[in-house]
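Reviewing the structure listed below.
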Ligand SMILES: [Zn+2]
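Numbering (the numbering used here), first residue to last: 1 to 244.
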C-alpha cells in the first residue's frame with residue numbers, strides 16, 4: 001500500500017490529536033497476541049486490524065458452530081465447521097492487507113511464549129484466564145482481559161508480575177471459582193459481547209498510542225439490561241502469588 005493510500009485509509013485516526021501520525025506509526029509497529037477468536041475476540045480483532053495494528057497473532061482451537069452465529073459476527077453461515085483461528089485470520093487479511101496476521105489453531109497453554117507488546121485475553125473460562133495471566137507475568141506483557149455472561153460485560157487492564165506498575169488478573173480474582181458458569185449454560189447477549197470486544201480494542205489502542213490517561217489498573221463493567229456502566233480502580237494485592 002502506498003503512503004498516500006495509508007494516510008487516506010487512516011485519515012479519521014490521523015485527525016485525532018491524541019493519535020495523529022505518530023500514533024498511527026506506533027500502531028503499525030505494534031504486535032499483539034489475541035487468545036480466543038470467538039464472541040469477544042472477533043470484534044476486538046476486526047477493530048485492531050482496521051486500526052492498522054502491525055501484527056496480530058491469534059490462538060483458538062475451536063471450530064465455527066451454528067450456535068456461534070448469534071454473536072460471533074466475524075463468521076458467516078458458509079464458515080460453519082471451519083477452524084476459528086484461520087477463518088478469523090483470513091477475515092482480518094481481507095479487512096487490511098497492510099498488516100501481518102499469524103494464527104495457531106490450538107488452545108494457548110501457559111508454557112507457550114507470548115509475542116508482542118500486549119496480550120488480549122478473550123477466552124471464556126477462569127482457568128484459561130489464570131494461565132494467560134501467568135504467562136503474561138513471565139513474559140512481561142501487558143494484559144487486556146474481557147468477559148461477558150448474560151447481560152453483563154467486563155474489561156480490565158493489567159500488568160501481571162509488575163505490582164509497581166499495576167495489578168494482575170489474579171489480584172482481581174484471587175481464588176479460582178469452583179463452579180464457574182459460562183455463556184453456554186447462562187446465555188449471553190450478542191451485542192454485549194460486541195461491546196466488550198470493542199472496549200478491549202479501544203484499551204489496546206489507547207495503550208499503544210498513549211492516548212488519554214493510562215487504562216492500567218482500571219476495570220470497566222457494563223450492565224446491558226439497565227444500560228448502566230461503571231469503572232473501578234483495582235490495586236495490586238500484596239498477597240498475590242503472581243505479583244510477588
Ligand atoms: Zn497480581
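Idealized CB from N, CA, C, for every residue including glycine.
This one's a predicted model, so the numbers in the text were calculated from it and none came from an experiment.
Spanning the alpha carbons of residue 76 and residue 92 requires a straight line of approximately 14 Å.
Considering only 123, 168, 164, 94, the residue with the shortest C-alpha distance to residue 193 is 123.
Residue range 228-233 is occupied by the beta strand (DSSP E) that includes residue 233.
The alpha-carbon separation between residue 35 and residue 244 amounts to approximately 25 Å. If you look at residue 209, you'll find it in the alpha helix (DSSP H) that goes 190-209.
Close CB contacts of residue 100 within its chain, under the 7 Å cut and outside five residues either way in sequence, are with 54, 55 (chain order). Near ligand 1, meaning a Cβ closer than 6 Å to any of its heavy atoms, lie the following residues in chain order: 167, 168, 170, 171, 236, 237, 240, 242, 243. When only Cα atoms are considered, residue 127 and residue 176 end up about 7 Å apart. Scanning 158, 135, 172, 198 for the CA closest to the CA of residue 39 turns up 198.
In terms of Cβ geometry, residue 136 and residue 167 do not form a close pair [threshold 8 Å]. Our two residues, residue 162 and residue 189, have alpha carbons roughly 34 Å apart in a direct line.
In the structure shown, residue 31 falls within a strand segment according to DSSP collapsed to helix, strand and coil.
Bounds of the alpha helix (DSSP H) holding residue 41 are 41-50. DSSP places residue 102 outside any alpha helix (DSSP H); the residue lies instead in the beta strand (DSSP E), whose first and last residues are 100-104. The beta carbon of residue 29 sits closer than 7 Å to the beta carbons of 54 from its chain, once the five residues preceding and following it are set aside; these are given in chain order. Where residue 57 is concerned, the enclosing beta strand (DSSP E) starts and stops at 55-59. The closest CA to that of residue 32, considering only 22, 49, 18, is found on 49.
Nearest to residue 200 by alpha-carbon distance, out of 96, 156, 82, 85, is 156.
Around the beta carbon of residue 61, a 10 Å sphere encloses fewer than 16 other beta carbons of the protein chains shown; the residue is thus reported as exposed. The C-alpha of residue 121 lies about 23 Å from the C-alpha of residue 238.
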